[in-house]
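Line by line, the protein sequences are chains A and B. Numbering follows this note's numbering, with no gaps: position 20 of the first sequence is 20. Numbering follows this note's numbering, with no gaps: position 13 of the second sequence is 13.
Protein chains: 2
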Amino acid sequence: MTLTLHERVEDDILDRIQTGDWQVGDRLPPEKDLAAQLGISRSTLRLAFDGLERKGVLQRKKRAGTHIISNSPQSRFQMVTSGLREVLSLGRDTFLDVSQTRVVADGEIDLLEGLKSETGHWLEITGTRKIDGKETAFNWSQIYVTGRYAGIEPALGDAFSSVFQVIEKAFGTSVARVNQSVLAIACPKEAAAAMGLRQGDPVLQILARLHDADDRLIEVSSAIFDPARFQVNTDVRVD
Amino acid sequence: MTLTLHERVEDDILDRIQTGDWQVGDRLPPEKDLAAQLGISRSTLRLAFDGLERKGVLQRKKRAGTHIISNSPQSRFQMVTSGLREVLSLGRDTFLDVSQTRVVADGEIDLLEGLKSETGHWLEITGTRKIDGKETAFNWSQIYVTGRYAGIEPALGDAFSSVFQVIEKAFGTSVARVNQSVLAIACPKEAAAAMGLRQGDPVLQILARLHDADDRLIEVSSAIFDPARFQVNTDVRVD
DNA sequence: TTGCCAATTAAGTCCGTACTTTATTTTTTA
DNA sequence: TAAAAAATAAAGTACGGACTTAATTGGCAA
């Protein structure tokens, strides 16, 4: 259990932060200087910084320096998935059948409460998903795309499995962050009709917000699932 | 968008794997040799290996070498949480009120179908969770602890927020992997009574399995939540 | 055979140096 | 005064060498 030098340095730095010697928000001395102060090589200090950056304690930027952004190291939890589709709980071979698209304005839709599109309007896409071959849908979705990406509408005629993939293909924008909530609700009328359920049956609702690398909203979606044929499964490992 | 050397090396190695030049399962040449072959320094090769290891393509072990474990790099998704409590969707200040404990045998409980405890039996813990101050519970849980940890029973008298924390404290075992499923179900009778709901109301059920560092099962739990007062929220970032 | 011990090998750690990239900051120019 | 250009500083990339650690392999003894 003896720690390596860079691990001890990591602990040392963390200790100085937790004792208040260094404060959250502070900039650390330049790597060169700090390494000299600590009597270690810059490479070793960088290994320690790597660790603290992974744990969400430090943030590094060229020229701007290394800043303390938290005093509590987070043991990181990693989702074990093979991609965004799995994060969004989409099967491998499902396709979205679009039944309707229309343009809506800011404030018109409850789900978009408090959100603003740069253009003031959103493209609403309504559709269902079926398991390959089966007749009845297991999912009914409404997706709202910000005005910036409304140009994808013509591409929605082709087969595709998710709207963000169409956006990714057309604009080259990739998803960098996903926030999603899973709720149990009584099935609304329209979704019940599309999935062969009765209104009021318990169903899963997944609300998702997809953001790009600059944390700008790409799309907001509400997906309703037949619980008999669908469940959200996550596998998480401590880093 | 010009790539750095170690990124190009990363792509190069991945390419060789994907073209079948190197196969999944193969051992790569020693770092020293491969670096010489590629005409780069060992440090640079190690940076490339770091990347491929993070993406789940390579696995390194001292003395045993570097092995190819996958041909498809996974962009990794990281849950943005501050700890296991959040992964398990537990609030910060909730406590489990234990209403009953008993010992059950392998095969006796549907939820444990196909699972085996080393001792052949499990400790069943049934309880509810309340939001600080409120009267009615928002959660009704059943937790099954493997025989190995059944010794925690006396400690369940004290206030605690989750069973795994009691185990962690008593045995020093920490959770390394969590697998959980979220379902929408019609509320069962016993849970409905505990939470002030009606039988059949839509509720969220979270099934979780906690494993230790050796991937041995620690506990299995089923938690039922009142959807009006609870939803699962996850924030995920691409690594 | 079986079990232990020693040798070996391949990854891990650490050092020091040099050059590159990229945000800032400062200076110059219009 | 504002925009553009130059200087600068700090992290990023890359090299190469030396030593450490820990699995595995192989040899030797019981």
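Backbone N, C-alpha and C define an ideal beta-carbon position, used for all residues, glycine too.
CA-CA distance, B/Ser43 to A/Gly107, rounds to 54 Å.
For B/Ile224, the enclosing beta strand (DSSP E) starts and ends at Leu217 to Phe225.
Excluding residues up to 5 positions away in sequence, His211 lie with their Cβ nearer than 6 Å to the Cβ of B/Arg177 in the same chain.
Relative to A/Asp15, the option among A/Pro29, A/Thr4, A/Leu52 and A/Ser41 whose CA is nearest is A/Leu52. For the segment 4-87 of chain B, the full-length beta strand (DSSP E) segments reaching 3 residues or more read 58-61, 65-68 and 77-79 along the chain. Using a CB distance cut-off of 8 Å, A/Arg76 counts as an interface residue toward chain B. Identification of chain B residues near A/Ala176 by a Cβ-Cβ cut-off of 7 Å yields Arg237 and Val238, ordered along the chain.
B/Leu58 has a beta carbon lying at 8 Å or more from every beta carbon in chain A. In this structure, A/Ile218 sits near A/Thr173, with a CB-CB distance shorter than 8 Å. The criterion of a C-beta distance shorter than 8 Å is satisfied by A/Phe160 and A/Phe95. Closest by C-alpha distance to A/Val98, out of A/Leu5, A/Gly157 and A/Asn233, is A/Gly157.
Taking a C-beta cut-off of 7 Å against chain A, the contacting residues of the segment 212-233 of chain B are Pro227, Gln231, Val232 and Asn233, listed in chain order.
Annotation for A/Ala170: the continuous alpha helix (DSSP H) segment containing it runs Val163 to Phe171.
Each of B/Val9, B/Ser181 and B/Gln180 was checked against the Cα of B/Asp50, and the nearest Cα belongs to B/Val9. Secondary structure at A/Lys130: strand, using DSSP grouped into helix, strand and coil. For B/Tyr144, DSSP records a beta bridge to B/Glu124 and B/Val220. In this structure, the CA atom of B/Ile224 is about 5 Å from the CA atom of B/Trp140.
Taken through DSSP and simplified to helix, strand or coil, A/Ala105 comes out as strand.
Straight-line measurement puts the Cα of B/Gly83 at about 42 Å from the Cα of A/Glu135. Comparing C-alpha distances from B/Asp132 to each of B/Arg229, B/Asn233 and B/Gln18 shows the shortest one belongs to B/Arg229. Against chain B, a Cβ distance below 9 Å from A/Ser181 picks out Gln231, Val232, Asn233 and Thr234. Taking a beta-carbon distance threshold of 8 Å, B/Ala186 counts as an interface residue toward chain A. Contact with chain A is absent for B/Met195, since none of that chain's Cβ atoms lies less than 8 Å from the residue's Cβ. If the five residues before and after B/Glu153 are omitted, its C-beta is found closer than 7 Å to the C-beta atoms of Thr101 and Leu123, all from its own chain and listed in chain order. B/Thr81 is a Cβ neighbour of A/Phe77, given a cutoff of 8 Å. Interface residue (Cβ-Cβ distance to chain B less than 8 Å): A/Val87 is classified as such. Residue pairing by DSSP puts B/Gln100 in a beta bridge opposite B/Thr126. A/Ser181 is bridged by DSSP to A/Leu207 and B/Asn233.
For B/Lys189, the enclosing alpha helix (DSSP H) covers residues Lys189 to Met195. For A/Thr81, the residues of chain B that pass the 8 Å Cβ criterion are Gln74 and Phe77, in the order they occur in the chain. Between B/Val238 and A/Val175, the CB-CB gap stays under 8 Å. Interface annotation for the segment 154-167 of chain B against chain A: empty, criterion Cβ-Cβ distance under 9 Å.
Within the same chain, no Cβ atom closer than 6 Å to the Cβ of A/Ala36 is found once the five residues on either side in sequence are excluded.
Taking the C-beta atoms as reference points, B/Thr234 is found nearer than 8 Å to A/Gln180. The contact set of B/Val203 on chain A, defined by CB atoms closer than 8 Å, consists of Ala184 and Pro202 in chain order. Within the model, the alpha-carbon separation for A/Glu190 versus A/Gln205 is close to 14 Å.
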